[in-house]
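Notes for the one structure printed next.
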Amino acid sequence: MSDWTVDVQTVHALAAFPRLMQVAYQVRAQHSRYRHRGRDRQQEKHCLLKISLSGEGNFRDAAGDHRLPAGRCFLCHICDQATEYFYPPGGRQPWSFVYVCFIGDPAIAMLRDFVARYGPVHDLPLDRGLVPELLAWKRLAGKVQVMSPGEGARVVATIFASLFEAAQVADPGQGELIRRAIHMAGANVERSLAVGDLARLLGIGREHLTRSFLRAGLPPPHRYLERKRMVEACRRLKSGSEPVYAIAAGLGYTQAPHFCRTFQRIIGMTPKRFRAEGVVPVE
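One gets the numbering used here by counting positions in the sequence shown from 1 and adding 90 to each.
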């Protein structure tokens with residue numbers, strides 16, 4: 091397959107939306123001396139996703155070198171001085187890849203958040219999902235594609251959705267643990283479930299559970315469980331005339347004043363006022 095490029099022009103661009111710039115396919119061999127360094131591209135501000143299709147490339151960042159065999163990709167901010175990507179010295183096979191460039195403050199923020207949590211290098215399937223979708227752009231090669239902000243944002247969202255899926259495939263146990271914890275917390279909201287109780291139900295230690303919640307971007311488990319109880323209290327306050335002390339007892343609070351103080355701290359008003367004026371919060 092010959093190299094091809096599709097340039098994208100966004101019309102009526104919106105500052106709060108990421109913008110697609112380019113989709114392209116290239117093949118590079120050892121004689122090409124192919125190497126791009128972030129320190130040499132300080133005037134460029136776009137984000138780059140590059141996916142190896144065959145052969146092997148190399149990506150380097152502050153953590154070191156990362157091999158890029160077929161199916162492996164990297165994500166970077168093109169002007170990051172710690173990064174570079176290149177055809178590896180001593181390589182014998184041509185390196186083919188497809189890449190996408192996108193730009194905008196929201197895109198850069200998305201990239202930084204994703205890389206900080208999951209890292210820049212991931213494996214993607216070549217026979218389904220994102221890769222075939224990008225290769226299908228070949229039919230548009232040589233033409234400038236005019237896109238609305240929504241169309242470009244949809245492509246960028248698809249990129250990150252695929253990367254999130256890849257990250258979860260690489261660590262399936264962690265995602266399953268959090269799903270089970272959330273389900274158990276909801277199913278046991280009336281039991282005044284403590285963090286240690288939840289950890290025992292999951293078959294792990296309390297510290298493991300706390301680390302897992304924090305890695306998942308959730309509040310510490312005790313705060314999560316506490317808010318769960320307060321939202322349930324909101325539902326009960328709005329659904330009938332059950333006395334406050336009975337709601338407190340039903341949620342495991344032995345002293346109604348303690349319940350009321352906790353409710354006001356989390357919900358922002360007293361239970362009595364909430365019953366009259368409040369709206370059940372979205373969890």
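Cβ coordinates follow ideal geometry from the N, Cα and C atoms, glycine included.
Under the three-state reduction of DSSP, K318 is assigned to helix. Going by beta carbons, T173 and R150 fall inside the 8 Å limit. Listed in chain order, the non-local C-beta contacts of M320 below 8 Å within the same chain comprise T352, F353, I356, I357, local neighbours out to five positions each way being set aside.
Leaving aside the five residues that flank R281 on each side, the residues in its chain whose CB is nearer than 7 Å to its CB run, in chain order, G342.
In this structure, the alpha-carbon of L292 lies about 13 Å from that of G265.
K362: member of the alpha helix (DSSP H) spanning 361-367, first to last residue. Membership of I193 in the beta strand (DSSP E) is indicated by the continuous run 185-193. R131 and G180 have their C-alpha atoms some 25 Å from each other. Under DSSP, the beta-bridge partners assigned to H212 are C163.
Taking all protein chains shown into account, D217 has fewer than 16 neighbouring C-beta atoms within 10 Å of its C-beta and is therefore exposed.
In terms of Cα proximity to C191, the closest of T95, Q183, P310, H273 is T95.
Assignment of R326 by DSSP, reduced to helix, strand and coil, places it in the helix class. DSSP places A172 in the coil class of the three-state scheme, outside both helix and strand. In the structure shown, the three-state DSSP call for A114 is strand. By the criterion of a C-beta distance shorter than 7 Å, K140 is surrounded in its chain by C163, F164, Y175, F187, Y189, once the five residues flanking it on both sides are discounted.
In the DSSP assignment, the residues bridged to Q99 are V236. Between the segment 103-121 and the segment 151-158 there are fewer than three C-beta pairs closer than 8 Å, too few to call the two in contact. Secondary structure at I356: helix, using DSSP grouped into helix, strand and coil. Taking the Cα positions, L224 is about 12 Å away from A231.
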